[in-house]
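To start, the structure itself, in structure tokens.
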Amino acid sequence: MDNNVILQVRNIEKSFPGVKALDRINFSVKRGTVHALCGENGAGKSTLMKIINGLYKPDAGEILINGRVVEIHSAMQARMLGISMINQELNFVPEMTVAENFVIGNWPTAKGGRVNWRYIRQRAKQLLEEADLPYALDVKLKELSISDIQLLEIAKATAYNADIIIMDEPTSAISDKEIAVLFGKIDELRRQGTSIIYISHKLDEVFEIADEITVMRDGQIVETGPIDKFDKSTVIALMVGRELSQNYPKEEVPLGKELLRVEGLTSSGAFDSISLSVRAGEIVGLAGLVGAGRTEVLRALFGLNPYQAGEIWIDGRSLRVRSPEDSIAHGLIMLSEDRRRYGIIPVRSVKENVTITRLEEFIYGGRWRRLKEIERVEELCTRMNVKTPSINTDISALSGGNQQKVVLAKWMIQDPKVLLLDEPTRGIDVGAKYEIHKLMITLAKEGKGILMVSSELPELVGMCDRIYVMAEGKIRGELRRDQFSQEAIMHLAVGQ
232 MDNNVILQVR
242 NIEKSFPGVK
252 ALDRINFSVK
262 RGTVHALCGE
272 NGAGKSTLMK
282 IINGLYKPDA
292 GEILINGRVV
302 EIHSAMQARM
312 LGISMINQEL
322 NFVPEMTVAE
332 NFVIGNWPTA
342 KGGRVNWRYI
352 RQRAKQLLEE
362 ADLPYALDVK
372 LKELSISDIQ
382 LLEIAKATAY
392 NADIIIMDEP
402 TSAISDKEIA
412 VLFGKIDELR
422 RQGTSIIYIS
432 HKLDEVFEIA
442 DEITVMRDGQ
452 IVETGPIDKF
462 DKSTVIALMV
472 GRELSQNYPK
482 EEVPLGKELL
492 RVEGLTSSGA
502 FDSISLSVRA
512 GEIVGLAGLV
522 GAGRTEVLRA
532 LFGLNPYQAG
542 EIWIDGRSLR
552 VRSPEDSIAH
562 GLIMLSEDRR
572 RYGIIPVRSV
582 KENVTITRLE
592 EFIYGGRWRR
602 LKEIERVEEL
612 CTRMNVKTPS
622 INTDISALSG
632 GNQQKVVLAK
642 WMIQDPKVLL
652 LDEPTRGIDV
662 GAKYEIHKLM
672 ITLAKEGKGI
682 LMVSSELPEL
692 VGMCDRIYVM
702 AEGKIRGELR
712 RDQFSQEAIM
722 HLAVGQ
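Residue numbers (my numbering): 232 to 727.
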């Protein structure tokens with residue numbers, strides 16, 4: 232074995248009911264390098280990393296660290312072996328504070344075995360200062376946004392002085408400024424001899440920071456080598472097994488009547504005097520930096536967050552939204568940016584997740600119409616191109632991209648008029664992203680209106696008919712399609 236190789240897996244296999252997730256995987260990482268791992272959702276990337284991090288047990292194969300075969304049975308054991316991981320699906324305890332989050336699973340104790348709270352607070356303050364994060368130590372995680380928690384997870388993972396750090400979609404919910412800070416930290420870790428396994432669907436990032444790249448497809452490794460042997464088109468073709476004809480399948484769709492109008496919507500401390508509209512067949516973007524208030528606007532429209540002033544019209548009818556029941560009843564639904572926390576019920580099947588919003592459709596005369604339910608779910612899953620062994624498979628066994636399609640299917644059963652999509656392609660590979668974009672066009676053709684929040688400027692430019700740009704809780708400007716450019720959006724997003 233090469234002495235420069237710090238991690239090696241040999242002939243790793245893993246199966247779930249009805250799915251061969253990993254098939255004879257051979258993979259190695261060199262010391263002091265950034266090794267990118269690319270592939271579509273469902274290719275097996277996260278499964279492989281969870282095996283390395285001790286969250287899953289492989290069915291076959293072995294793991295070597297510094298040339299020595301090891302068995303990893305838990306994340307704590309992986310940490311003792313010098314492995315740290317940032318998960319794509321953020322796992323955190325909402326009721327815990329920022330300080331407690333840094334030591335969960337490894338509580339420091341003082342004399343008598345009591346938890347050393349003084350040390351915990353000192354250590355947390357030090358880590359926050361090193362990462363230049365502004366959060367108070369006693370703030371509970373449930374009060375923070377998904378981007379805030381992502382930054383805390385990055386700070387926590389890099390604080391363990393690990394030899395190997397696995398980063399699974401670490402930039403999926405953070406701003407360009409924060410990404411630049413993260414890349415600076417990665418460069419620093421690389422110079423110190425730390426190895427980074429970097430999973431991302433953003434190929435611009437991969438080609439900016441990676442030394443080597445491995446591409447996976449359908450549970451197998453299809454290619455690996457130095458990054459300078461690849462280009463983006465080659466990587467995409469290897470990932471999806473086909474050429475994608477274009478990046479964004481945008482089509483001109485005739486616009487119909489106004490489906491959503493918002494006037495002067497205000498929520499204290501979150502956003503102020505928001506006015507916007509969405510017409511039938513229109514895809515409208517809501518752009519801005521992290522903290523601009525975009526998600527908060529969508530949550531208020533859907534009834535998740537209160538608002539103190541303003542008016543909302545849906546299909547010409549004025550509506551006071553006090554709860555999600557109000558918005559759903561009038562044809563407005565929301566797809567959350569935090570799929571795991573708000574979008575799915577992980578312990579339930581695909582079928583149960585799809586029908587949860589409209590159970591009454593399958594009850595007649597006090598009896599459950601199971602065949603009708605099965606037909607309806609299979610129809611929707613086919614329409615959304617959900618890849619699942621069965622509609623009875625637990626949704627947690629599906630890839631992130633397929634879970635997102637199930638969430639869309641859940642709302643399509645409602646036949647909504649307006650869709651609020653908050654980061655609809657976050658953490659989704661290029662193939663699944665393209666499918667969701669095509670689905671958005673299909674929905675627009677059916678006369679539905681879409682209001683989309685996205686932190687990816689190319690996605691907004693590629694998919695939208697109009698874009699509102701927010702900064703500091705206010706709309707700073709509105710751009711028509713002939714005015715679109717990433718530079719124009721950013722000028723408004725920074726308050727210019």
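Think of the CB as a built atom: it goes at the ideal place given N, C-alpha and C, for glycine as much as any other residue.
Keep in mind it's a predicted model, so treat the numbers as computed, not measured.
Through-space distance from residue j to residue i, alpha-carbon basis
i, j, result
"tryptophan 599", "isoleucine 644", "17 Å"
"isoleucine 417", "tyrosine 429", "10 Å"
"aspartate 646", "isoleucine 626", "22 Å"
"valine 661", "isoleucine 622", "24 Å"
"leucine 434", "arginine 345", "47 Å"
"asparagine 257", "isoleucine 452", "8 Å"
"lysine 408", "phenylalanine 593", "49 Å"
"serine 630", "aspartate 653", "19 Å"
"glutamate 513", "isoleucine 467", "29 Å"
"glutamate 690", "tyrosine 350", "44 Å"
"phenylalanine 438", "isoleucine 458", "7 Å"
"proline 325", "glycine 516", "30 Å"
"glutamate 718", "alanine 411", "18 Å"
"alanine 628", "glutamate 591", "27 Å"
"glycine 519", "glycine 547", "28 Å"
"valine 260", "alanine 388", "18 Å"
"isoleucine 698", "valine 692", "8 Å"
"glutamine 539", "isoleucine 335", "37 Å"
"glutamate 443", "isoleucine 396", "15 Å"
"alanine 523", "proline 365", "16 Å"
"glutamine 239", "alanine 362", "30 Å"
"serine 686", "threonine 402", "10 Å"
"proline 289", "glutamine 308", "16 Å"
"proline 577", "lysine 648", "27 Å"
"arginine 310", "proline 555", "41 Å"
"lysine 676", "proline 485", "8 Å"
"isoleucine 613", "alanine 560", "The displayed chain sequence assigns threonine, not isoleucine, to residue 613. Distance between the alpha carbons of threonine 613 and alanine 560 is about 26 Å."
"arginine 354", "lysine 460", "42 Å"
"isoleucine 505", "lysine 705", "6 Å"
"asparagine 347", "leucine 312", "24 Å"
"serine 558", "isoleucine 659", "27 Å"
Inter-residue CB distance, residue i and residue j (contact presumed, cutoff 8 Å)
i, j, result
"leucine 563", "valine 528", "With 8 Å as the limit, leucine 563 and valine 528 do not qualify as a contact, their Cβ atoms being about 13 Å apart."
"serine 431", "glutamate 400", "6 Å"
"arginine 422", "threonine 264", "About 11 Å separates the two Cβ atoms, so there is no contact after all."
"leucine 253", "glycine 285", "About 15 Å; that fails the 8 Å criterion."
"valine 608", "lysine 636", "Not really, about 12 Å apart at Cβ, beyond 8 Å."
"valine 638", "arginine 570", "6 Å"
"lysine 356", "leucine 368", "7 Å"
"glutamate 666", "asparagine 616", "6 Å"
For residue i, the first and last residue of its enclosing beta strand (DSSP E)
i, result
"valine 493", "489 to 498"
"isoleucine 256", "250 to 261"
"glutamate 331", "Taken as a continuous stretch (DSSP letters only), glutamate 331 belongs to no beta strand (DSSP E), being part of the alpha helix (DSSP H) at 329 to 332."
"phenylalanine 502", "502 to 510"
"aspartate 713", "From DSSP, aspartate 713 is part of no beta strand (DSSP E); its letter is neither H nor E."
"leucine 650", "649 to 653"
"isoleucine 698", "697 to 702"
"aspartate 435", "Segment 434 to 440 is the alpha helix (DSSP H) holding aspartate 435; no beta strand (DSSP E) there."
"tryptophan 544", "540 to 545"
"threonine 455", "451 to 457"
N-terminal and C-terminal residue of the alpha helix (DSSP H) that residue i is part of
i, result
"aspartate 379", "377 to 389"
"methionine 615", "That residue, methionine 615, is in no alpha helix (DSSP H); it is neither H nor E in DSSP."
"histidine 668", "661 to 676"
"tyrosine 350", "348 to 361"
"glutamine 635", "631 to 643"
"glycine 693", "688 to 694"
"leucine 279", "276 to 283"
Reduced DSSP secondary structure (H/G/I, E/B, other) of residue i
i, result
"alanine 719", "helix"
"glutamate 409", "helix"
"valine 240", "strand"
"phenylalanine 533", "helix"
"aspartate 625", "strand"
"leucine 469", "helix"
"serine 464", "helix"
"glutamate 271", "coil"
"glutamine 308", "helix"
"valine 446", "strand"
"glycine 292", "strand"
"serine 476", "The predicted model places serine 476 with a pLDDT of 49, which falls under 50 and marks its position as unreliable; any figure quoted below should be read in that light. Of the three classes helix, strand and coil, the one that applies to serine 476 here is coil, per DSSP."
"arginine 657", "coil"
Chain D contact for residue i (CB, 9 Å cutoff)
i, result
"alanine 309", "Absent from the structure: chain D. Only one protein chain is present."
### Minimum length 3: unbroken beta strand (DSSP E) runs contained in the stretch 549 to 611
Fully enclosed beta strand (DSSP E) runs of 3 or longer: 563 to 566.
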